[in-house]
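Novice: Before I ask anything, here is the structure I am working with.
Residue numbers (our numbering): 346 to 490.
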């Protein structure tokens with residue numbers, strides 16, 4: 346009877362970690378995948394592959410990192426804050442490689458989406474990439490395979 350009158354409160358959720366380069370990259374990859382309002386298994390798999398190869402993680406570790414990044418993306422700072430972390434911690438050549446990785450997430454579902462491409466452009470710009478490097482990443486990603 347008392348349970349109906351005084352239901353137990355859900356425990357406070359675990360606080361989110363402070364974003365670092367790993368979390369910032371993962372959150373931006375998730376943000377790109379969500380930009381078309383559809384988060385598909387192919388995109389999840391591509392994010393896991395990128396995180397595993399970039400940070401030398403085992404598949405389960407990469408999946409756990411992605412899950413943390415998903416929560417962070419929903420509740421944490423916006424794109425400029427994540428990009429600032431990467432600009433501060435990652436050299437320019439590696440940021441260019443990140444743009445290629447981000448394109449692979451945007452195209453992982455086999456479809457081009459204007460929302461994903463706009464989100465990607467905003468991220469590439471916030472990462473401080475030049476217009477020429479942004480265009481090169483786009484050309485590479487969209488080139489026939």
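Heads up, the beta-carbon is just placed ideally off N, CA and C, and yes, glycines get one too.
These numbers were taken from a predicted model, which means no experiment stands behind them.
Which class does residue 449 belong to by DSSP, given the choice of helix, strand or coil?
Specialist: Three-state DSSP puts residue 449 in a helix.
Novice: Taking only the alpha-carbon atoms, compute the straight-line gap between residue 411 and residue 371 and give it to the nearest angstrom.
Specialist: Answer to the nearest angstrom: the Cα atoms are 6 Å apart.
Novice: Can you check whether the CB of residue 462 is closer than 8 Å to the CB of residue 446?
Specialist: It is not a contact, given that the beta carbons lie outside the stated cut-off.
Novice: Name the two residues that bound the continuous alpha helix (DSSP H) containing residue 404.
Specialist: Its alpha helix (DSSP H) spans residues 404 to 420.
Novice: Taking the straight line between their C-alpha atoms, what separation do you get for residue 459 and residue 401?
Specialist: Whole-angstrom Cα-Cα distance: 32 Å.
Novice: Once DSSP output is grouped into helix, strand and coil, what is the label at residue 383?
Specialist: Reduced to three states, the DSSP call for residue 383 is coil.
Novice: Tell me which same chain residues have a C-beta within less than 8 Å of the C-beta of residue 470, skipping the five on either side of it?
Specialist: If we look at residue 470 and ignore the five residues flanking it on each side, its Cβ neighbours are 479.
Novice: Let me know the secondary structure DSSP gives residue 423 once reduced to three states.
Specialist: Correct three-state label for residue 423: coil.
Novice: For the alpha helix (DSSP H) containing residue 482, name the first residue and the last one.
Specialist: Unbroken alpha helix (DSSP H) run through residue 482: 476 to 487.
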